[in-house]
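2 protein chains.
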Amino acid sequence: MKIRDLTYFSKLASLKNFTAVADYFSVRQPTITMAVKRLEREFDTTLVLRDQSHQSILITPSGHQLLKHAHRIIDEVELTNLDMAALNQEQVRFGLPPIIGHYFFPKAASRLAQAGLLSQLAVTETGSGELLTALEDGKLDIALLGSTHSLNNSLLNATLLAKHHFKIIVSPKSHLASQQKIAFQDLHDEKFIMQTEDFVHPTAFGALNKFSFINPNIIYKTGDITLLKNLVHENVGIGFLTETALTPQDELVSLALTDSFQPEFLISLVFRQSQLPSATQKKVIDILIQALRTDSYHQ
Amino acid sequence: MKIRDLTYFSKLASLKNFTAVADYFSVRQPTITMAVKRLEREFDTTLVLRDQSHQSILITPSGHQLLKHAHRIIDEVELTNLDMAALNQEQVRFGLPPIIGHYFFPKAASRLAQAGLLSQLAVTETGSGELLTALEDGKLDIALLGSTHSLNNSLLNATLLAKHHFKIIVSPKSHLASQQKIAFQDLHDEKFIMQTEDFVHPTAFGALNKFSFINPNIIYKTGDITLLKNLVHENVGIGFLTETALTPQDELVSLALTDSFQPEFLISLVFRQSQLPSATQKKVIDILIQALRTDSYHQ
DNA sequence: TGTTCTTATAAATTTATTTTATCACAGCTG
DNA sequence: CAGCTGTGATAAAATAAATTTATAAGAACA
Numbered sequence: 002m003k004i005r006d007l008t009y010f011s012k013l014a015s016l017k018n019f020t021a022v023a024d025y026f027s028v029r030q031p032t033i034t035m036a037v038k039r040l041e042r043e044f045d046t047t048l049v050l051r052d053q054s055h056q057s058i059l060i061t062p063s064g065h066q067l068l069k070h071a072h073r074i075i076d077e078v079e080l081t082n083l084d085m086a087a088l089n090q091e092q093v094r095f096g097l098p099p100i101i102g103h104y105f106f107p108k109a110a111s112r113l114a115q116a117g118l119l120s121q122l123a124v125t126e127t128g129s130g131e132l133l134t135a136l137e138d139g140k141l142d143i144a145l146l147g148s149t150h151s152l153n154n155s156l157l158n159a160t161l162l163a164k165h166h167f168k169i170i171v172s173p174k175s176h177l178a179s180q181q182k183i184a185f186q187d188l189h190d191e192k193f194i195m196q197t198e199d200f201v202h203p204t205a206f207g208a209l210n211k212f213s214f215i216n217p218n219i220i221y222k223t224g225d226i227t228l229l230k231n232l233v234h235e236n237v238g239i240g241f242l243t244e245t246a247l248t249p250q251d252e253l254v255s256l257a258l259t260d261s262f263q264p265e266f267l268i269s270l271v272f273r274q275s276q277l278p279s280a281t282q283k284k285v286i287d288i289l290i291q292a293l294r295t296d297s298y299h300q
Numbered sequence: 002m003k004i005r006d007l008t009y010f011s012k013l014a015s016l017k018n019f020t021a022v023a024d025y026f027s028v029r030q031p032t033i034t035m036a037v038k039r040l041e042r043e044f045d046t047t048l049v050l051r052d053q054s055h056q057s058i059l060i061t062p063s064g065h066q067l068l069k070h071a072h073r074i075i076d077e078v079e080l081t082n083l084d085m086a087a088l089n090q091e092q093v094r095f096g097l098p099p100i101i102g103h104y105f106f107p108k109a110a111s112r113l114a115q116a117g118l119l120s121q122l123a124v125t126e127t128g129s130g131e132l133l134t135a136l137e138d139g140k141l142d143i144a145l146l147g148s149t150h151s152l153n154n155s156l157l158n159a160t161l162l163a164k165h166h167f168k169i170i171v172s173p174k175s176h177l178a179s180q181q182k183i184a185f186q187d188l189h190d191e192k193f194i195m196q197t198e199d200f201v202h203p204t205a206f207g208a209l210n211k212f213s214f215i216n217p218n219i220i221y222k223t224g225d226i227t228l229l230k231n232l233v234h235e236n237v238g239i240g241f242l243t244e245t246a247l248t249p250q251d252e253l254v255s256l257a258l259t260d261s262f263q264p265e266f267l268i269s270l271v272f273r274q275s276q277l278p279s280a281t282q283k284k285v286i287d288i289l290i291q292a293l294r295t296d297s298y299h300q
């Protein structure tokens, strides 16, 4: 099996025309015919039906099976090229979601600056979900990500840096302001200012709703945490926010949840299992872990 | 990049000797030298240091990076070969853990037999964890698996068939036998008969311990559910068991847990994302889903 | 019916890989 | 220290494989 044959075949499946595939790769048409024949001979099967009224080709079930693997192999080959190229690079492509970037990452910034590494970071700032995809696609080297579940899997290496709690935040003027803690189900009649879907907050909020059998009113959604805090401060509604983002300057009251089941805001340092960190990357990773890891999660 | 060069290089990394690799693949030694050179030229880097006191070779950091990808690519190629070969086969390699096999799968067996498919199943019966690995390694086509968390990921396609509850089972002679339900933390002084680690029960039990801040005494572990039931029946201890495995014939009392957080026993039909089911496999999958899926989980 | 668009085939060509033969180097050993 | 052994590199020759060129064959379509 040749990688090149797989790319020819994969393109054939999408273009459905031998000549077009040949043009695409700047080769002659019989090259594509031969490539498909090689694969068909190797696996002793028919991958493509060509006679079918001659309008277009048809991929057989065996063909579809091979395509599934072909895509995985081609993707891995692309990642290989990206990673091998990135190896000689000094720049570290770094993903940072807004909350973690504003309230958590700064604790490590001075140590990175000391080591002369802050300037090497090419930072992408967007939601954790998007960063996760970029990481998996080889577009980022390292990211700090927020999540409710562990991100460790066969693709990604995730080091847990901190587990933060989600809090209920209310205005000092709110009727809840005198309390220190509250059960989530007691909030069923409250109006919430919620984060947009690129935050993990709506997911955690949904899980709490499910477990408490309530469904409070969300009156406004925003991706701007400062705006959210201001709206809560003005008592327009109450908020649901990880303690990560809370500072004394907010002039907000935060209530702990008393529920035994609680989603947590996990902050992890994530990189691909398949990417061996470069020297620079290794330094960044070490400093971030040292500076940001909460003691209780040292292993 | 050629797959063959990657396999040569990968073997070189483990054997650490060009000549030995050549012998392994029944080619001459310069072939290996050339293969490594091709890769080094393609990625414009040094992958292997050969002069180092001439005792053994040394893989450079770039070499290690390439190795990581090489292994992933080689694994995928192996899976491809397995899947393409399995495509023409009538036999379906089917994984079935003991509890699901005894208490849950029989509901589908008659319909499989009707369709003449029961005899096509090559059944492997072992713990869910082992079956999961076998599935990922391409040694199984389909499995029914028990788990506490969803098994869906980038490798596996999992269809949820049922969510069962974990119950506390006690002897009719037990002092708990008059109750219908109980909070887990009230069991802190009880003695438990527990399943061995190849079951999901110890994991779920551990999660409940953690949430309830208790740590009950486990006096015996067994992989034999009938023995476990007998021991509980004789009031040697109490048990923690998915309702899947409970039948009226057991003469046991089962108590529901009242906790708001409860792990669940998920039963899923699982196969690899990358394996396109053969005609026979498709039939088996359809019948299993139709016969076993609990109504509330139709999508 | 001839034109066009398609893929297949076969021979020639080009490119790539492997082998053969040999060299160079280092570590051991008598 | 000379000679043996085991290691990998190199260059030319041989082999193998992929691609191109040129052409055929089939179907759709005007």
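From first to last, the protein sequence lines are chains A and B.
With this note's numbering, the residue at position 172 of the first sequence is 173, and numbering never jumps.
With this note's numbering, the residue at position 55 of the second sequence is 56, and numbering never jumps.
Here a beta-carbon is modelled for each residue, glycine too, at the ideal position from N, C-alpha and C.
Being a predicted model, the structure only gives us computed values, none of them experimental.
- Message: What I want to know is whether the C-beta of A:Phe-167 ends up closer than 8 angstroms to one or more non-hydrogen atoms of the ligand FMN.
- Response: Only the bare structure without any ligand can be found here, which leaves the ligand FMN out of the picture.
- Item | Residues that A:Ser-155 contacts on chain B, provided the C-beta gap is smaller than 9 angstroms | Glu-137, Asn-154, Ser-155 and Leu-156
- Task: Consider the Cβ of A:Phe-272: report whether some Cβ of chain B lies at a distance smaller than 9 angstroms.
- Result: no
- Task: Rounded to whole angstroms, what's the CA-CA distance from A:Thr-223 to A:Thr-197? Just pull it up for me.
- Result: 5 angstroms
- Out of A:Ile-169, A:Leu-141, A:Phe-167 and A:Glu-137, point me to the one whose CA is closest to A:Ser-155's CA. A:Glu-137
- Looking at the structure shown, is A:Ser-297 part of a helix, part of a strand, or coil, going by DSSP? Below a pLDDT of 50, predicted positions are generally treated as unreliable, and A:Ser-297, at 46, falls in that range; no measurement from the model is reported.
- Message: Run through chain B and tell me which residues come within less than 9 angstroms of A:Ser-261, C-beta to C-beta.
- Response: Phe-212, Ser-213, Asp-260, Ser-261 and Phe-262
- Message: Applying the 10 Å Cβ sphere with the 16-neighbour rule, what's the burial state of B:Tyr-221?
- Response: exposed
- Limits of the beta strand (DSSP E) - the one that B:Tyr-221 falls within: 218-223
- Message: At the level of alpha carbons, what is the spacing between A:Phe-237 and A:Ser-269?
- Response: Reading off the sequence, residue 237 of chain A comes out as Val, not Phe. Straight-line Cα distance between these residues: approximately 33 angstroms.
- Buried or exposed: which applies to A:Ser-175, given that a residue is buried once 16 or more other Cβ atoms fall within 10 Å of its Cβ? buried
- Per-residue DSSP class, three states only, for B:Ile-215: coil
- For B:Gly-240, which of B:Gly-147, B:Ala-205, B:Leu-16 and B:Phe-212 has the nearest alpha-carbon? B:Ala-205
- Message: Less than 9 angstroms between the C-beta atoms of A:Ile-143 and A:Pro-278, yes or no?
- Response: yes
- Task: Verify whether the separation of the beta carbon atoms of A:Val-254 and A:Ala-178 is less than 9 angstroms.
- Result: yes
- Task: Indicate the three-state DSSP secondary structure (helix, strand or coil) for A:Arg-39 in the structure shown.
- Result: helix
- Message: Cβ closer than 9 angstroms: which chain B residues qualify as neighbours of A:Ile-4?
- Response: Met-2, Lys-3, Ile-4 and Ile-74
- Task: Measure the Cβ-Cβ separation of B:Leu-46 and B:Gly-96 and say whether it is below 9 angstroms.
- Result: A small fix is needed here, since residue 46 of chain B is Thr in this sequence, not Leu. Not in contact: B:Thr-46 and B:Gly-96 (Cβ atoms no closer than 9 angstroms).
- Taking the runs of the alpha helix (DSSP H) that are 4 residues or longer, which of them lie wholly in the region 89-145 of chain A? 99-104, 107-115 and 129-137
- With burial defined as no fewer than 16 other Cβ atoms inside 10 Å of the residue's Cβ, what is the status of B:Met-195: buried or exposed? buried
- Task: Determine, using beta carbons only, whether B:Leu-132 comes closer than 9 angstroms to chain A.
- Result: no
- Message: Using beta carbons (cut-off 9 angstroms, strictly below), is A:Ala-36 in contact with chain B?
- Response: no
- Task: Within its chain, find whatever has a CB closer than 8 angstroms to the CB of B:Ala-14; leave out the 5 residues flanking it on each side and keep chain order.
- Result: Ile-60, Gly-64 and Leu-68
- Item | Contacting positions in the region 74-94 of chain B - beta carbon closer than 7 angstroms to chain A | Ile-74, Glu-77, Val-78, Leu-80, Thr-81, Asp-84, Met-85 and Leu-88
- Item | Whether B:Lys-108 touches B:Leu-293 by CB criterion (9 angstroms) | yes
- Using three-state DSSP, classify A:Ile-4 as helix, strand or coil. helix
- Is the beta carbon of B:Gln-121 sitting closer than 9 angstroms to the one on B:Val-271? no
- Note down, in chain order, all residues in the region 178-193 of chain B with a beta-carbon under 9 angstroms from any beta-carbon belonging to chain A. none
- Message: I want to see whether chain B comes within less than 9 angstroms of A:Leu-277, judged by CB atoms only; does it?
- Response: yes
- Straight-line CA distance for B:Thr-149 to B:Arg-42? 48 angstroms
- Message: Assuming B:Gln-196 is part of the beta strand (DSSP E), what are its boundary residues?
- Response: 192-196
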